[in-house]
Amino acid sequence: MSRTWGRTLRRLPWWLAAAALAAGCLLWIYPFLWMVSASLKTSAEVFTQGLDLLPASPAWDNYERAWVAAEFGKYLLNTVIVTVSTVVIVVVRCAMAGYVLARHEFRGRKVVMGVLVATLFVPAGYTIIPLVDLTQRLGLLNSLTGMILAMSGGANVAAILLYVGYFRGIPKELTESALIDGAGFATVFFRIMLPLAKPVTATVTVLTFLSTWNAFFLPLVFTFSRPDLRTVSVGMLAFVGENTTDWSGMAAAATISLLPVVALFIVLQRYFVEGIAGAVKS
Amino acid sequence: MTVALPPRRAPGAAHSTAYVWLFLAPTVLLCGAFTLYPIIGSYVYSLTDWNGFDASPSFIGVANYREVLADPMFWSSFRLTLTFMVFAVPLQVLATLLVAIVLNSPRMPLRKLFRTALFLPVVTTTAIIGVVMQFVFDPASGPVNLALREIGLVTDGIDFLGQSSTALGTTIAVYVWKWFGITLVYWLAALQTVPNEVYEAARLDGAGGLATLRHITMPLLKPFLVIITLLSIEASLQVFDLVLTMTGGGPFYSTEVIEVYIYRWAFAATIPRLGFASAAAVLFGLFIGLVGLLQLAAIRATRKTRSTA
């Protein structure tokens with residue numbers, strides 16, 4: 001009895017710390033709770049109910065207004081199209097590049113690696129003007145295709161280096177025996193190497209998804225003259241520019257836009273955290 | 001099955017060189033067009049007078065640079081960018097370290113849940129957070145001001161984003177909140193590299209919690225401090241999404257960081273000045289590049305100390 005008491009006493013500071021942290025975390029995610037709550041209130045309730053988070057009855061018509069009138073249904077579809085295409089292109093091209101850089105000696109290898117590393121830190125604000133100019137001259141400025149290509153053409157050095165590191169660690173015998181069996185270059189890559197690299201692919205997918213879904217600068221300047229091609233982040237800014245008083249509509253639109261990425265995070269949390277922690281470890 | 005295969009090296013090698021470049025082609029083409037060309041293009045465009053993407057640029061030499069460097073608004077935005085960094089980075093790096101040390105202890109209850117909650121803002125879209133925060137900090141009905149009034153701290157709402165004196169501070173606070181989780185995860189990864197045996201040895205030698213922290217954990221974390229600080233500096237220089245959606249650079253340009261300055265001249269002005277904006281962008285790019293070089297040098301230095309240790 002006294003033993004368990006001692007243990008509880010020793011644990012007490014930890015439980016106090018946990019209680020303090022719990023309160024802090026609740027405050028931390030309060031903006032999200034407030035947002036979801038406001039999206040379910042009527043416009044009048046948002047202003048009169050103040051800090052009370054629960055509406056009298058959920059006002060689902062806010063979502064209808066955001067989805068149809070504010071066109072967030074369309075923006076969401078645009079965002080999904082751009083994100084999925086970009087993720088597929090980035091994963092495949094980074095895996096291919098990482099594979100040949102890791103396992104093949106060829107002339108120009110060092111140059112390619114050097115240029116890639118040199119582009120590691122290029123801020124968006126820095127390259128946006130030539131980027132828009134080039135896309136316009138290609139006739140792709142006001143199109144989702146242009147947006148997808150421009151977003152897939154970021155340096156993605158980290159992704160390539162992750163693949164390089166992984167492919168380098170795979171024993172040579174594995175590919176050699178396949179080559180003896182008559183498998184070609186492409187077969188070895190797509191049938192053997194790429195499936196083996198699943199952990200890296202998961203990390204690259206999650207990180208690319210995150211950066212593309214959350215992109216703002218590029219979609220903003222790519223859709224100035226085509227409002228129907230807006231992604232959710234651009235649509236959000238336009239929405240509050242036009243409806244400054246529709247708080248519940250704003251909250252519903254924001255909830256629609258954030259829900260997919262938050263849901264994905266909760267399901268695949270491990271990959272998000274490991275992918276980001278990798279930046280420090282390597 | 002010990003039949004020696006005839007050496008097929010020569011034709012195979014030529015064959016595979018073609019494949020190597022075929023595999024590199026998408027990366028070379030896409031990065032070449034959308035990363036490399038813009039980097040080089042910025043320099044060329046910065047030497048031109050160019051009033052819109054439909055107009056044709058005309059060469060004017062370094063006049064844009066002279067004008068940018070003489071523009072007090074450019075220096076104001078440069079100073080704001082640096083102020084943002086100077087306040088955001090130490091706050092973020094040190095506060096996350098404290099929380100990470102607490103969350104790293106296996107005796108801490110519910111630590112996974114806390115990490116998830118603190119990390120949540122990181123995955124959300126910055127531009128949307130910026131817009132939502134406009135409402136959260138609203139002087140009349142925003143929850144922050146309602147709460148302040150409820151506890152009796154203020155009688156009238158504070159217009160956090162509407163006055164020059166508080167707009168930058170509020171933006172920095174939201175920035176730190178938004179990216180806190182990412183630095184926290186960096187620190188947790190760093191703490192994981194300290195092997196458990198080290199702690200056990202310290203405990204057997206009679207070191208208490210604080211002594212362990214001071215003499216064992218901290219010295220081992222030093223190389224990570226360099227990397228994490230530099231990563232945070234790099235990130236704090238790129239705050240376009242948050243600033244544009246929260247304040248638009250205002251009020252009275254009090255939050256106009258360099259990226260917003262460039263954006264204003266290139267995309268938001270009635271007569272865009274793309275050459276001028278490019279010159280500002282090149283200067284900003286050189287500054288970021290400098291920080292990047294510093295980062296690589298620091299990482300190399302810490303690698304050396306780790307391998308000799």
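Top to bottom, those sequences are chains A and B. Counting from 1, one number per residue, gives the positions in the first sequence under my numbering. Counting from 1, one number per residue, gives the positions in the second sequence under my numbering. Just so it is clear, CB atoms sit at the ideal spot from N, CA and C, and this is done for glycine as well. Everything numeric in this text was worked out from a predicted model, so none of it was measured.
(1) Assess contact between the stretch 104–124 of chain A and the stretch 165–177 of chain A, defined as three or more Cβ pairs (one per stretch) separated by less than 8 Å. Is contact present?
(2) From the DSSP output, in three-state form, read off residue 232 of chain B for me.
(3) Could you check the C-alpha separation between residue 233 of chain B and residue 50 of chain A for me, to the nearest Å?
(4) For chain B, is any of its Cβ atoms less than 9 Å away from the one on residue 93 of chain A?
(5) In whole angstroms, what separates the C-alpha of residue 236 of chain B from that of residue 139 of chain A?
(6) Let me know if residue 23 of chain A comes out buried or exposed under the rule of 16 or more other beta-carbons within 10 Å of its beta-carbon.
(7) Three Cβ pairs or more, each shorter than 8 Å: is that satisfied between the stretch 155–173 of chain B and the stretch 58–77 of chain A?
(8) Quick check: is the beta carbon of residue 89 of chain B nearer than 9 Å to any beta carbon in chain A?
(9) Alpha carbon to alpha carbon, what distance is there between residue 152 of chain A and residue 188 of chain B?
(10) Output the distance between the C-alpha atoms of residue 111 of chain B and residue 196 of chain B, rounded to the nearest integer angstrom.
(11) State yes or no: is the beta carbon of residue 115 of chain B nearer than 9 Å to at least one beta carbon in chain A?
(12) Tell me, which residues are paired with residue 48 of chain B by DSSP?
(13) Mind checking if residue 322 of chain A is an interface residue toward chain B, Cβ cutoff 9 Å exclusive?
(14) With a threshold of 9 Å between beta-carbons, can residue 129 of chain A be considered close to chain B, or not?
(15) Please go through the stretch 56–108 of chain A and give each complete alpha helix (DSSP H) segment of 4 or more residues, from N-terminal end onward.
(16) Between residue 121 of chain B and chain A, is any beta-carbon pair separated by less than 9 Å?
(17) Are the CB atoms of residue 179 of chain B and residue 90 of chain B nearer to each other than 9 Å?
(18) Just checking: is the beta-carbon of residue 199 of chain A within a distance shorter than 9 Å of some beta-carbon in chain B?
(19) Measure from the C-beta of residue 164 of chain A to each C-beta in chain B and report whether the shortest distance is under 9 Å.
(20) Using 8 Å for Cβ pairs, my map puts residue 96 of chain A next to residue 255 of chain A. What's the rounded Cβ distance?
(21) What does a CB cutoff of less than 7 Å around residue 251 of chain B pick up in its chain, not counting 5 residues either side in sequence?
(22) Report the rounded CA-to-CA distance for residue 208 of chain B versus residue 151 of chain B, giving the unit in angstroms.
(23) Quick check on this structure: which residue in A:258, A:201, A:195 has the alpha carbon closest to the alpha carbon of residue 158 of chain A?
(24) Tell me, please, whether the stretch 237–248 of chain B touches the stretch 125–134 of chain B by the rule of three or more beta-carbon pairs shorter than 8 Å.
(25) Starting from residue 154 of chain A, find everything on chain B with Cβ-Cβ shorter than 9 Å and list it in chain order.
(26) Output needed for residue 298 of chain B: all residues of its chain with C-beta closer than 8 Å, excluding positions within five of it in sequence on either side, in chain order.
(27) Would you mind working out which of B:83, B:87, B:119, B:80 sits nearest residue 331 of chain B, comparing C-alpha positions?
(28) Among the residues of its own chain, which have a CB less than 8 Å from the CB of residue 131 of chain A, if the five just before and after it don't count?
(29) First and last residue of the alpha helix (DSSP H) that includes residue 238 of chain B?
(30) Please report the Cβ distance between residue 279 of chain B and residue 68 of chain B, rounded to the nearest whole angstrom; I am assuming they are in contact, meaning their Cβ atoms lie under 8 Å.
(31) Secondary structure at residue 295 of chain B, three-state DSSP: helix, strand or coil?
(32) Below 9 Å between beta carbons: does that hold for residue 283 of chain B and residue 263 of chain B?
(33) How many Å lie between residue 33 of chain A and residue 134 of chain B at the Cα?
(34) How about residue 154 of chain A and residue 34 of chain B: are their beta carbons less than 9 Å apart?
(35) With three or more C-beta pairs closer than 8 Å as the rule, is the stretch 182–193 of chain A touching the stretch 87–94 of chain A?
(36) At the level of alpha carbons, what is the spacing between residue 249 of chain B and residue 258 of chain B?
For this structure:
(1) In short, these stretches do not touch, since the Cβ pair count stays below three.
(2) Translated into positions along the second sequence, residue 232 of chain B becomes position 232. Reduced to three states, the DSSP call for residue 232 of chain B is helix.
(3) Stepping through the second sequence from its first residue, residue 233 of chain B is reached at position 233. Stepping through the first sequence from its first residue, residue 50 of chain A is reached at position 50. The straight-line gap from Cα to Cα measures roughly 38 Å.
(4) Within the first sequence, the letter at position 93 stands for residue 93 of chain A. Any Cβ of chain B closer than 9 Å to the Cβ of residue 93 of chain A would place that residue at the interface, and such an atom is present.
(5) Here residue 236 of chain B is taken as the residue at index 236 of the second sequence, counted from 1. Here residue 139 of chain A is taken as the residue at index 139 of the first sequence, counted from 1. For the pair residue 236 of chain B and residue 139 of chain A, the Cα-to-Cα distance works out to about 34 Å.
(6) The residue given as residue 23 of chain A occupies position 23 in the first sequence. Burial call: exposed.
(7) The stretch 155–173 of chain B makes no contact with the stretch 58–77 of chain A, as fewer than three CB pairs between them are under 8 Å.
(8) On the second sequence, position 89 is the one that residue 89 of chain B refers to. It does not; no Cβ of chain A falls within 9 Å.
(9) Here the question's residue 188 of chain B lines up with position 188 in the second sequence. Here the question's residue 152 of chain A lines up with position 152 in the first sequence. Between residue 188 of chain B and residue 152 of chain A, the C-alpha separation is close to 31 Å.
(10) Here residue 111 of chain B refers to the residue found at position 111 when the second sequence is read from its first residue. Here residue 196 of chain B refers to the residue found at position 196 when the second sequence is read from its first residue. Taking the straight line from one Cα to the other gives about 18 Å.
(11) Position 115 of the second sequence holds residue 115 of chain B. Put simply, the CB of residue 115 of chain B is near chain A, with a gap under 9 Å to one of its CB atoms.
(12) Translated into positions along the second sequence, residue 48 of chain B becomes position 48. In the DSSP secondary-structure assignment, residue 48 of chain B is bridged to B:59.
(13) Only positions 1 to 282 of chain A appear in the structure, and residue 322 of chain A is not among them; the question remains open.
(14) By 1-based counting over the first sequence, the position of residue 129 of chain A is 129. Output row for residue 129 of chain A: interface = yes.
(15) Fully enclosed alpha helix (DSSP H) runs of 4 or longer: 61–64, 72–103.
(16) Taking the first residue of the second sequence as position 1, residue 121 of chain B is located at position 121. For residue 121 of chain B, the nearest beta carbon of chain A is closer than 9 Å to its own beta carbon.
(17) Counted from its first residue, the second sequence places residue 179 of chain B at position 179. Counted from its first residue, the second sequence places residue 90 of chain B at position 90. Cβ atoms of residue 179 of chain B and residue 90 of chain B: not closer than 9 Å.
(18) Taking the first residue of the first sequence as position 1, residue 199 of chain A is located at position 199. Residue 199 of chain A does not count as touching chain B.
(19) The count along the first sequence starts at 1 and reaches residue 164 of chain A at position 164. By the rule that beta-carbons nearer than 9 Å mark a contact, residue 164 of chain A does not touch chain B.
(20) Taking the first residue of the first sequence as 1, we reach residue 96 of chain A at position 96. Taking the first residue of the first sequence as 1, we reach residue 255 of chain A at position 255. Contact between residue 96 of chain A and residue 255 of chain A is absent: CB atoms are separated by about 38 Å, not below the 8 Å threshold.
(21) Along the second sequence, one-based indexing puts residue 251 of chain B at 251. Within its own chain, the residues whose Cβ lies closer than 7 Å to the Cβ of residue 251 of chain B, once the five positions on either side in sequence are excluded, are 162, 163, 164, 167, listed in chain order.
(22) Start at 1 with the first residue of the second sequence, and residue 208 of chain B comes out as number 208. Start at 1 with the first residue of the second sequence, and residue 151 of chain B comes out as number 151. Cα to Cα, residue 208 of chain B sits roughly 40 Å from residue 151 of chain B.
(23) Here residue 158 of chain A refers to the residue found at position 158 when the first sequence is read from its first residue. Closest by alpha carbon: A:201.
(24) As far as the Cβ criterion goes, the stretch 237–248 of chain B touches the stretch 125–134 of chain B, which means the pair count is three or higher.
(25) Numbered from 1 along the first sequence, position 154 holds the residue referred to as residue 154 of chain A. Ordered by position in chain B, the residues that pass the 9 Å Cβ test against residue 154 of chain A are 30, 31, 34, 35.
(26) Here residue 298 of chain B corresponds to residue number 298 of the second sequence, with the count starting at 1. Closer than 8 Å at the Cβ level, and outside the excluded window around residue 298 of chain B, lie 226, 227, 230.
(27) With chain B represented from 1 up to 309, any question about residue 331 of chain B goes unanswered, as that position is not in the structure.
(28) Looking up residue 131 of chain A in the first sequence gives position 131. Within the same chain, residue 131 of chain A has close Cβ partners 150, 218.
(29) Position 238 of the second sequence, counted from the start, is the residue given in the question as residue 238 of chain B. Unbroken run through residue 238 of chain B: none, as it is neither H nor E.
(30) The residue given as residue 279 of chain B occupies position 279 in the second sequence. The residue given as residue 68 of chain B occupies position 68 in the second sequence. Between residue 68 of chain B and residue 279 of chain B the Cβ distance is about 5 Å, and since that is below 8 Å, they are a contact.
(31) Along the second sequence, one-based indexing puts residue 295 of chain B at 295. The answer is helix: DSSP assigns residue 295 of chain B an H, G or I state.
(32) The residue given as residue 283 of chain B occupies position 283 in the second sequence. The residue given as residue 263 of chain B occupies position 263 in the second sequence. No; because the gap between Cβ atoms is not below 9 Å, this pair is not in contact.
(33) Counting from one through the first sequence, the residue named residue 33 of chain A turns up at place 33. Counting from one through the second sequence, the residue named residue 134 of chain B turns up at place 134. Their backbone Cα atoms lie some 16 Å apart in a straight line.
(34) Indexing the first sequence from 1 puts residue 154 of chain A at position 154. Indexing the second sequence from 1 puts residue 34 of chain B at position 34. Judged by their CB atoms, residue 154 of chain A and residue 34 of chain B are nearer to each other than the 9 Å cut-off.
(35) With fewer than three CB-CB distances shorter than 8 Å, the stretch 87–94 of chain A does not count as touching the stretch 182–193 of chain A.
(36) Within the second sequence, the letter at position 249 stands for residue 249 of chain B. Within the second sequence, the letter at position 258 stands for residue 258 of chain B. Each residue's Cα considered, the two are about 10 Å apart.
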